[in-house]
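The number in the working numbering is simply the position in the sequence shown, starting from 1, with 1085 added.
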Amino acid sequence: MGGRKIKTEVVKVVDGDTITVKGKDKDEKIRILALDTEESQPGGDKPMTPWGKKAKEEAQRIFVAGKTVTLEFPGKEAADVCWERYRDNYGRAMAYVYAPDGSDYQKHMIGQGYSPYFVKYGYAEFAVNHKAYTDAEVAAQKENKGLWDQISVNGSEMRNYPLLSVWWHLRAQIIDEYRSYKSHNPKKAPLDVNLDYDKIVEKANAGAEAVIFTELAGFSRIGGAHGIIRNSSLHRPFSIFMRDIDEPAGQKIVNLISQRYIAPSKQPDHPRRSYAYVKGQMQIYGGRPELVITSADQIWDGPPK
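(1) Would you decide whether Arg-1306 is buried or exposed? Buried here means 16 or more other CB atoms lie within 10 Å of its CB.
(2) Could you tell me whether the stretch 1178–1198 touches the stretch 1217–1228, where touching means 3 or more Cβ pairs closer than 8 Å?
(3) Return helix, strand or coil for Ser-1265, following the three-state DSSP convention.
(4) How many angstroms separate the CA atom of Asp-1331 from the CA atom of Ala-1310?
(5) Applying the 10 Å Cβ sphere with the 16-neighbour rule, what's the burial state of Thr-1122?
(6) Taking 8 Å as the threshold, find out whether the stretch 1323–1330 comes into contact with the stretch 1254–1274 through three or more Cβ pairs.
(7) Considering just the uninterrupted stretch of the alpha helix (DSSP H) at Tyr-1218, what are its terminal residues?
(8) Confirm, please, whether the CB-CB distance from Tyr-1171 to Val-1182 is below 8 Å.
(9) Considering just the uninterrupted stretch of the beta strand (DSSP E) at Glu-1368, what are its terminal residues?
(10) Which runs of the alpha helix (DSSP H) spanning at least 4 residues fall entirely within the stretch 1117–1163, listed in chain order?
(11) Under the assumption that Ile-1115 contacts Thr-1103 (Cβ atoms under 8 Å), give the Cβ distance between them as a whole number of angstroms.
(12) Please report how far the alpha carbon of Asn-1340 lies from the alpha carbon of Ala-1289, in whole angstroms.
(13) Under 8 Å by Cβ, that's how I've got Thr-1299 and Ala-1257 pegged, so tell me the actual separation to the nearest angstrom.
(14) For Leu-1301, does the count of other Cβ atoms within 10 angstroms reach 16, so buried, or fall short, so exposed?
(15) What residues in its chain sit with their C-beta under 7 Å from that of Pro-1072, if we drop five residues either side in the sequence?
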């Protein structure tokens, strides 16, 4: 069983992993799940590469404007719900995309080495997709296809994919553990910042206590002794507030997140777990939901026992 599928029309190709299609009321950018092709234009947080341009050209060959494609959302809700619920950090809709001939675009791009099997934000939700993309990646690696041979396609190593993959799979396994717990305990599961954002906002407005499963993407000192831990989403921002990071309890929190959850830089050779469960009082600050912690014991690795 897969997710909700809808047919729509291609408007244009943005990149190897992003296309624009006709939405319900407007054109929608689709961030294609399971893919992370290299950049074809400057301006992003990844380097523009020759292989990124080739990936875009391949997408343009497959997704011709005006052609019909099938989107598959990573959930079974009604189409209107899926359009709103499944959005990435920048607000783009997220879906698997099937080409006009019905073939699996993700499998093709991974198998030809245009993209790794991108699992930074979780494995493919459906077992058949996960197996297909894993098998396609292994096949590409056996042949050193595409981005797995950086010297051939880019002239130098622009990204260290074997090393990146170790971190991505660590994150994916943590997310998979949460998904499994939630599927067996739907009423007891902690709230997910991406999928349960409206409920989190409700709890924050009510000043209620909550347990949240969230990405810990960055830490900063603010207003003297205060500290803020943030997720990486601009579309669904969430933060964890620490009142005093200079006192002993605050120092323990900083030590824990630095050693276990948040890398000291964006370099892939400093991987951390990235995801955690946090418990505390909720509040709204600056129009955004925030959870307050005073002890390192309010942050932990796994779902409730």
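Ideal placement from N, C-alpha and C gives every residue a C-beta, glycine not left out.
If we stick to the structure as given:
(1) exposed
(2) yes
(3) helix
(4) 6 Å
(5) buried
(6) no
(7) 1212–1227
(8) no
(9) Per the sequence presented here, residue 1368 reads as Gln, with Glu not at that position. Here the beta strand (DSSP E) through Gln-1368 covers 1360–1370.
(10) 1135–1147
(11) 7 Å
(12) 27 Å
(13) At roughly 16 Å, the Cβ-Cβ gap does not stay under 8 Å, so Thr-1299 and Ala-1257 are not in contact.
(14) buried
(15) Past the edges of the chain, shown from 1086 to 1390, lies residue 1072, and the structure says nothing about it.
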